[in-house]
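Offset between the sequence shown (1-based) and the numbering used here: plus 15.
Heads up, the beta-carbon is just placed ideally off N, CA and C, and yes, glycines get one too.
I have placed the structure first, in the form of structure tokens, so that the comments after it can refer back to it.
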Amino acid sequence: MRKIIVFSLIIIGSLMFFNTIYANYQPLSGDIIKIDDTTKPALYYINSQSQRQLYPNAVTFWTWNSGDWNNIKNFNGNKVTIKYISQTDFDRLASGDNVVVRAGTKLIKFGNSYNIYAVADNGVINKVASNGDTSVAVKLYGDNFHNNIISIQSGFESNYTEGQSLMTTNSTVTPPATNILNCTSDQHLDNGSCISNSRLCNISNGSGSQAWISTGWGQCYATSCNSGYSITESPSTGYGICTVNPAPAISTAEILLSEEMSIYGNPWNVGRYVVWEGYDYNIYYKDLTSGKLIPLTTDGKFKVFFGVAGYNSSFYRMGRNLYLNYFNGYMGSEMIIDSAAVGTYSGIVEGYPTNNSFIYTKERTDVVDTYDIFIYSITDNGKIQLTNSAAKRSNPVLSLNMAAWVENSYQIVIFDRNSKVEIKRINNQSGNPISNLVLSDSINYLAYSDGQYIYYYDIDNGITKIIGTTLPISLISVSSPYIVWSNGEILAYNILNGQTITVSQSTTNNKNPSIVNKGYAGGGYIKYNVVWTSTISPGNNKVYLGEIHKY
């Protein structure tokens, strides 16, 4: 309910000086109405039966409309005026079903689950990701599919009807007979219009039998293929098609990036930049497009470089202070975002950046060697505290929906960053302390090491699997579906097919890998960049870049 109130108050704040009161209101299909009372902020849609249908939240509203609150347009491009009506006129309107997300616009998830759904006509939802497996979502919507996910409050889950999962084979979804436009039983909603059900796709071609489903935009995509064929992105439509099974992923020749200097800290790749700390204690970034090496800092003071969030936000500790430093083709702009208390021994010890946030540990003053967990949001320019109790916490990591860390050396805590409640705890059964914890951003899994093995853990199913061995000094990195680490070589494990490939050419002295998904790179393949350090000789560490091409 809180989200509904916030959403509606935004509307009131934007439109309160432009209200037009419609006395003796007569309902007209397509109207958007609101009670003329600031204590009752909800918006409603009037359907063809003159029923009022509640917009549950702002994200649902904007799948049917565009613009802003002062200039709303519907999906046909026509200007929309919110009509303010009296309580008496409102009470005369019959109540209809709540408005659901418009088909073909967004993927959705509910607050009580990590399942991800595509929305078909009439509020039918088809599961595209479940139990940590997002392979179907990636094939249909690309590796950045999570950017198009919107969250619906769990209380409105009953507004939707769950159809068949798009992970199944040889199936076609037929939408229900009714929807917000009141299409007839032989029609379905497609891009805002009632279209004959004969438009539903169910075809095959020479590259394998395929079950197809309308996207809501007059397009079709493959949901399954014959043996020997796989779903790939169509270069013309961007939707899945069946093609002959590709060759396995390969890695390309590695490239030396840090020929100008020896490096001290582990490198990070973000956008077109690779960022690292030099032996002079300054932070540098290499522009992969121009080849220029640009200093982010020039003070020469000792730093602990944590990494980069977003496309241009680096984080590091200097003394007791935590710094955020922006860069974009020029020397950065440094600012202090937190400080450790005087009297603490370690201060701010560890941190991990991802997307537009940074998670870190901060030493407590009441009990020695105990730490609390904080998240700093670049977008909100502020921090939140996740824990407030004395415990030995380390190795904090972050994704869009979750946070995780190691507690008391042998236990992993998984935390819902939105509701701020603990999800579960994992105990390491090997008896060795846990290190190098990483958390996937788009699939619900994590990876960690215990100085001997690399482990993959499926958060939804509670399944742990050993995927490799490692040296104690190795770092681990993830970019779905790959987990990369070093045991002298740089290795990449694909969680979807269980394949491990070697990324580095040399077989010794490689460590600290970091992987990032670069998206579709042409030629039918997805490109991943992996950067790592290699010790050429004592005191001479270099940064290398390798690529994984996943066809």
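Query raised in the report: Mind checking Thr252: buried by the 16 CB within 10 Å criterion, or exposed?
Result: Because the pLDDT at Thr252 is just 43, under 50, the model does not fix this residue reliably, and the point stays unresolved.
Query raised in the report: In the DSSP assignment, what residue or residues form a beta bridge with Ser372?
Result: Thr369 and Ser392
Report task. Look up Gln520 in the DSSP assignment and say whether it is helix, strand or coil. Result -> coil
Query raised in the report: Does the distance from the C-beta atom of Phe320 to that of Gly358 stay below 8 Å?
Result: no
Query raised in the report: Whole-angstrom Cβ separation of Lys557 and Ser266, contact assumed at under 8 Å?
Result: Not a contact, Cβ separation roughly 18 Å.
Report task. Please state if the CB of Ile530 and the CB of Lys565 are separated by a distance shorter than 8 Å. Result -> no
Requested in this report: Give me the Cα-Cα distance between Lys435 and Leu401, rounded to the nearest whole angstrom.
Outcome: 7 Å
Query - Limits of the unbroken alpha helix (DSSP H) element including Lys142 - result: From DSSP, Lys142 is part of no alpha helix (DSSP H) but of the beta strand (DSSP E) over Val139 to Ala144.
Query raised in the report: What are the residues that DSSP puts in a beta bridge with Ser180?
Result: For Ser180, which the question treats as bridged, DSSP gives no partner whatsoever.
Requested in this report: Output the boundary residues of the alpha helix (DSSP H) element that contains Trp77.
Outcome: Ala73 to Trp79
Query - Reference Asp314, options Ala324, Asp302, Lys301 and Gly293, closest by Cα - result: Gly293
**Report entry** Cβ-based neighbour list, Asp46, same chain, cut-off 6 Å, excluding 5 preceding and 5 following
**Finding:** Ile61 and Lys98
Query raised in the report: Residues bridged to Gly293 by DSSP?
Result: Ile278
Query raised in the report: Is Ser455 near Asp465, with beta carbons less than 8 Å apart?
Result: no
Query raised in the report: If we ignore side chains and look at the alpha-carbon of each, how far apart do Val285 and Leu108 end up?
Result: 53 Å
Query raised in the report: Thinking C-alpha only, which one of Asn423, Asn502 and Ser81 is nearest Pro448?
Result: Asn423
Report task. Helix, strand or coil for Phe105, going by three-state DSSP, please let me know. Result -> helix
Query raised in the report: Which partner residues of Val285 appear in the DSSP bridge assignment?
Result: Tyr288
Query raised in the report: How close, in whole Å, do the beta carbons of Ala356 and Thr380 come, if the pair is a contact with beta carbons under 8 Å?
Result: 5 Å
Query raised in the report: With DSSP run on the structure shown, which of helix, strand or coil describes Asn555?
Result: strand
Query raised in the report: Which residues in the same chain have their Cβ closer than 7 Å to the Cβ of Ala419, if we skip the five residues on either side of it in sequence?
Result: Val412, Ile427, Val428, Ile429, Phe430, Leu452, Leu454 and Leu461
Requested in this report: Leaving out five residues on either side along the sequence, give the residues of the same chain with a beta carbon under 7 Å from the beta carbon of Ile50.
Outcome: Ile100, Gln102 and Phe105
Query - Best match in Ser110, Phe125, Ser128 and Ala133 for proximity to Arg117 [C-alpha to C-alpha] - result: Ala133
Report task. Enumerate, from N- to C-terminal direction, the unbroken beta strand (DSSP E) stretches of 3 or more residues contained entirely within the stretch 473 to 511. Result -> 478 to 484, 492 to 494, 497 to 501 and 505 to 509
Query raised in the report: Measuring CA to CA, which of Gly446, Asn555 and Val545 is closest to Ala268?
Result: Val545
Query raised in the report: When the distance is taken between beta carbons, is Ile469 closer than 8 Å to Thr479?
Result: no
Query raised in the report: Expressed to the nearest angstrom, what Euclidean distance is found between the alpha-carbon atoms of Asn502 and Tyr296?
Result: 27 Å
Report task. Tell me Thr548's beta-bridge partners as DSSP assigns them. Result -> Lys526 and Val558
Query - Ala419 CB to nearest heavy atom of the ligand MG below 7 Å - result: For the ligand MG, the structure offers nothing, since it holds no ligand at all.
Query raised in the report: Helix, strand or coil: how does DSSP classify Leu337 here?
Result: strand
**Report entry** Local conformation of Asn532 per DSSP, three classes
**Finding:** strand
Query raised in the report: Who are Arg332's beta bridge partners in DSSP?
Result: Val319 and Leu337
Query - Through-space distance from Trp84 to Ser65, alpha-carbon basis - result: 24 Å
Report task. Take the Cβ of Pro553 as the centre, count every other Cβ of all protein chains shown within 10 Å, and call the residue buried at 16 or more, exposed below. Result -> exposed
Query raised in the report: Would you say the stretch 113 to 131 touches the stretch 148 to 168, given that touching needs at least three Cβ pairs under 8 Å?
Result: yes
**Report entry** Gly178 vs Val139 beta-carbon contact at 8 Å
**Finding:** yes
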